[in-house]
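Per our numbering, the very first residue in the sequence shown carries number 24; after that it's consecutive. For every residue, glycine included, the Cβ atom is placed at its ideal position computed from N, Cα and C. All of these numbers come straight from a predicted model, not from anything done at the bench. Heads up, the thing below is written out as structure tokens.
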Amino acid sequence: GEQPSAPYSDVQSLLCDTLLHGMQFERAVDCYRDALVGMRAHLQPGAPLIVATLIRLGSTLQQMSQTQQALQYYEDAVRTVPASDRATRSEALRGRGRVLLDLDRADEAERDLRQAYELRRELSGEGNGFTWFCASQWGRALLRQGRLREAEAIQRESLQRLRTIMGAQAYQVGMLSSTLADTLLATPGRRDDGIALQREALAVVEATYPEPHPRWAEYATPLAVALYERGDVDALREAETISARSAAAAASEQAKGNESAATLARAVHVSCLRKLGRPQEADAEWTSLQSAPATGRPVATELALWLGRARGATP
Numbered sequence: 024g025e026q027p028s029a030p031y032s033d034v035q036s037l038l039c040d041t042l043l044h045g046m047q048f049e050r051a052v053d054c055y056r057d058a059l060v061g062m063r064a065h066l067q068p069g070a071p072l073i074v075a076t077l078i079r080l081g082s083t084l085q086q087m088s089q090t091q092q093a094l095q096y097y098e099d100a101v102r103t104v105p106a107s108d109r110a111t112r113s114e115a116l117r118g119r120g121r122v123l124l125d126l127d128r129a130d131e132a133e134r135d136l137r138q139a140y141e142l143r144r145e146l147s148g149e150g151n152g153f154t155w156f157c158a159s160q161w162g163r164a165l166l167r168q169g170r171l172r173e174a175e176a177i178q179r180e181s182l183q184r185l186r187t188i189m190g191a192q193a194y195q196v197g198m199l200s201s202t203l204a205d206t207l208l209a210t211p212g213r214r215d216d217g218i219a220l221q222r223e224a225l226a227v228v229e230a231t232y233p234e235p236h237p238r239w240a241e242y243a244t245p246l247a248v249a250l251y252e253r254g255d256v257d258a259l260r261e262a263e264t265i266s267a268r269s270a271a272a273a274a275s276e277q278a279k280g281n282e283s284a285a286t287l288a289r290a291v292h293v294s295c296l297r298k299l300g301r302p303q304e305a306d307a308e309w310t311s312l313q314s315a316p317a318t319g320r321p322v323a324t325e326l327a328l329w330l331g332r333a334r335g336a337t338p
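In structure tokens, the structure reads:
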């Protein structure tokens, strides 16, 4: 049978979780990897602690834009989780589906995210908020497949259900509002609706993570992008201001290990400066960006990939 959990592994996992919650991503990854070595020496491959650590590694590496490594850990989690542990299987499938979306493998992502939602609904029922978070994530895959009406329908229901369960000001409501906003922004003729909803999302998130927290920047940058895409002078001016603030927040010490977020916000800022007729400022910032790309890819490529993910398009 399964050997008992090694106490030091439990303690080390708590330390790793603390680093992750403090957004010290690189240190958290090293910590989880060290813990995993000890766990594998004492526990069976499908032990809950091992599978949970694989999932946390996948999630953390995805936040760091290291998607191929993230996928490997999620693959291990999906392969080793016992069939009887449906809750953890749902979590592993959801994580793998999100990474597959980042890798533009929309059909495989839709399969995983739909299964994750169905498992969660069977386990927790429709009165559980996490059920609707999983449903909203499935909607992201539908969006990437071009199934806009289906994506909006499931995401709108998810948002309404979560507001009822958790209250309109819960941080998780902001997350689902932002997801639905992406779908509206990708739908012809719905840009203003998407911008309005992204503003609501940012306001809700800001109550829990006020500027300059890096989480605030994660919701401010999509608003800046949407305003930039609208293209009128007032929208561009607002986008320029928001993207500058977002870049500063994303570059803070608290966001160490996820520098790509700051790179993306700065790239949006450069685009706004060019549109507003401020080429010297734009050139100076672009030169700075090109000299030290944070993600290992050219900045222009990274921005195109990010915009494609955010808007449901294939780059």
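Just verifying my parser: in three-state terms, what is the DSSP assignment at residue i?
i	result
G45	coil
A70	coil
A262	helix
L38	helix
A317	Confidence at A317 is low in this model, with a pLDDT of 49, below 50, so the placement of that residue should be treated as unreliable; the coordinate-derived value is given next. Correct three-state label for A317: coil.
Y251	helix
D130	helix
Where residue i and residue j are concerned, what is the direct C-alpha to C-alpha distance, given to the nearest angstrom?
i	j	result
E180	C157	12 Å
G162	T206	9 Å
A100	M62	14 Å
V52	H65	20 Å
T111	T76	11 Å
D255	C295	11 Å
Q67	D57	17 Å
G148	A139	13 Å
S88	I188	32 Å
A305	T286	14 Å
Please name the residue, chosen from the options, that lies closest to residue i on a Cα-to-Cα basis.
i	options	result
G197	G212, A243, T154, E175	A243
R119	R144, A51, Y96	Y96
R238	Q35, A290, G45, E263	G45
D215	H65, T154, A249, G150	A249
A132	A139, A70, A164, R50	A164
R268	L124, L312, L246, L43	L246
E98	V74, M87, S107	V74
R172	T210, Q47, V228	T210
R128	R213, Q303, E175, Q168	Q168
E229	A258, A176, A262, A193	A193
T202	G217, G212, G152, R117	G217
Between residue i and residue j, is the Cβ-Cβ spacing less than 7 Å?
i	j	result
H1	S266	There is no way to answer for residue 1, as the model of the chain reaches only from 24 to 338.
L166	L182	no
S113	L94	no
A115	V122	no
L126	T90	yes
A288	A307	no
L220	A204	yes
T154	R170	no
Applying the criterion that 16 or more other CB atoms from any shown protein chain within 10 Å of the CB defines a buried residue, is residue i buried or exposed?
i	result
G300	exposed
L185	buried
P27	Its pLDDT being 44, under 50, P27 is placed unreliably in this model, and the value from its coordinates should be taken loosely. Its Cβ having fewer than 16 others within 10 Å, P27 is exposed.
R79	buried
L59	buried
T41	exposed
D130	exposed
D135	buried
A174	buried
Q195	buried
Quick check on residue i - is its C-beta less than 7 Å from some C-beta in chain C?
i	result
L259	Given the protein chain composition of this structure (a single chain), no chain C is represented.
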